[in-house]
Every structure is written in structure tokens, then in C-alpha cells.
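Enquirer:
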Amino acid sequence: MAVQEQLDALLADEATWRRWRAEHQEVRPDLYGADLRRASLRGFDLRDVDLEAADLRDADVSEADLRCANLKAAQLMRTNFQNADLRGAFLSRAECHNANFTGANLAGAHLRFTSFFGANMKGVDLSGADLVGADLHEANLEYANFSNADVEDADISRAKLDEAVLNNVDVNAFLYGWPEGPGPLV
19 MAVQEQLDAL LADEATWRRW RAEHQEVRPD LYGADLRRAS LRGFDLRDVD
69 LEAADLRDAD VSEADLRCAN LKAAQLMRTN FQNADLRGAF LSRAECHNAN
119 FTGANLAGAH LRFTSFFGAN MKGVDLSGAD LVGADLHEAN LEYANFSNAD
169 VEDADISRAK LDEAVLNNVD VNAFLYGWPE GPGPLV
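When we follow the numbering used here, the leftmost residue of the sequence shown carries the number 19, and every step to the right adds one.
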């Protein structure tokens with residue numbers, strides 16, 4: 019359960035949250051299961067925050083720093099992650115249906131069995147990410163960088179992969195093979 023003091027600081031405004039973090043540097047913020055639906059957290063420092071099982075549906079975390087944040091099993095439907103930094107973040111088993119990850123950095127992120135169904139992931143950096151069993155069905159992955167990602171059993175059926183970068187990726191590991199249609203892959 020989320021610690022109420024921390025949740026109150028987060029929801030007050032960015033300055034209050036920044037001040038709380040500065041005063042409690044030794045504490046890893048615990049927002050487990052927090053209700054953050056429609057929250058406006060654009061540009062917030064959410065590094066290392068525990069948001070496991072949190073509800074961030076329709077929230078705006080664009081340009082936020084979510085490096086190494088724990089978002090396991092979080093509800094992230096229609097969440098705006100545009101240009102967010104999620105390097106090394108844990109999103110395993112999260113529901114990211116129709117979320118916006120345009121330009122986000124998910125390098126080295128843990129995305130096992132995460133559902134990105136219908137998500138906009140144009141230009142996303144997935145280099146070195148763990149996408150084992152991920153659902154990328156109908157996702158827009160144009161210009162996405164999959165370099166060195168583990169894509170075993172990832173479902174890319176009906177996904178848009180135009181200009182995607184697949185350096186050092188076992189393309190045969192994708193669960194449903196290549197989508198139909200044009201689109202040179204680098």
C-alpha cells in the first residue's frame with residue numbers, strides 16, 4: 019500500500035515532490051498500488067520509485083525520469099510516456115494498451131510479458147530490453163531501436179515496424195513472425 023505522506027507530496031505539485039525527495043534521500047518512495055489515474059506528472063523525478071500495481075491510466079508522465087522505477091503489473095492504459103526516460107525500469111506484466119511511448123527511452127528495461135497492444139512506440143529505444151513474451155500486437159514501432167533486445171516469443175503481429183533497427187536481434191524468436199506490408203528494416 020502506498021505511503022500516504024509520499025502520495026500527498028507527489029500529488030501536491032512538482033516543487034513539493036522535489037522538496038520531499040531532497041529531504042528524504044535515503045528513502046525509496048513507496049507508491050505501491052497508488053491510484054494515480056489522470057495524474058499530471060510531466061517531467062517529474064520518479065527515479066527508483068516503487069509504483070508496482072499502481073493505476074496510472076490516462077496519466078501524463080511525459081518527459082519524466084522513471085529510470086529503474088518499478089512499474090510491475092501497473093495499469094498504464096492510455097498513459098502518456100512521450101520522451102520519458104525509462105532506462106532500466108521494471109514494467110513486467112504491466113498493461114500498456116494504447117499508451118504513448120513516442121520517443122521514450124526503454125533501453126535495458128524489463129518488459130517481460132508486458133502488453134503494449136495498440137501502443138504508439140514510434141522512435142522508442144528498446145536496445146538491450148527484455149521483451150520475452152511481450153505483446154506488441156498492433157503497436158506502432160516505426161523507427162524503434164531493438165538492438166540487442168531479447169524478443170523471444172514477443173508478439174508483433176499487425177505491428178508497424180517501418181525503419182525499425184534490429185541489430186543483433188534474433189528475428190526468428192518473434193512469436194508471430196513478420197507483419198505483412200512494406201517497410202525496410204535496418
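Glycine included, every Cβ here is placed at the ideal spot set by N, Cα and C.
Quick check on this structure: which residue in Ala147, Phe62, Glu156, Gly121 has the alpha carbon closest to the alpha carbon of Ala167?
Expert: Ala147
Enquirer: Keeping to the same chain, check which residues put their C-beta closer than 8 Å to that of Val21; ignore five residues upstream and five downstream.
Expert: Leaving aside the five residues that flank Val21 on each side, the residues in its chain whose CB is nearer than 8 Å to its CB run, in chain order, Pro47, Asp48, Leu49.
Enquirer: Using only alpha-carbon positions, find the residue among Glu81, Asp171, Gly51, Asn123 that is nearest to Asn88.
Expert: Ranking Glu81, Asp171, Gly51, Asn123 by Cα distance to Asn88 puts Gly51 first.
Enquirer: Please report the straight-line C-alpha distance between Glu178 and Ala122, rounded to a whole angstrom.
Expert: For clarity, residue 178 is Lys in the given sequence; the question names Glu instead. Rounded to the nearest angstrom, the two C-alpha atoms are 17 Å apart.
Enquirer: Hey, does Arg111 have any beta-carbon neighbour from chain B nearer than 7 Å?
Expert: Here chain B cannot be found, since the structure has a single protein chain.
Enquirer: Between the alpha carbons of Ser165 and Val150, how many angstroms are there, rounded?
Expert: 14 Å
Enquirer: Give the DSSP bridge partners of Asp73, in chain order.
Expert: Asp53, Gln93
Enquirer: So, helix, strand or coil for Asn118, using DSSP?
Expert: Of the three classes helix, strand and coil, the one that applies to Asn118 here is strand, per DSSP.
Enquirer: Assuming Glu113 and Gln100 are in contact, meaning their beta carbons sit under 8 Å apart, how far apart are those beta carbons, in whole angstroms?
Expert: In fact, because the Cβ distance is near 18 Å, the residues do not count as touching under 8 Å.
Enquirer: Need the endpoints of the alpha helix (DSSP H) that Arg39 sits in, please.
Expert: 32 to 41
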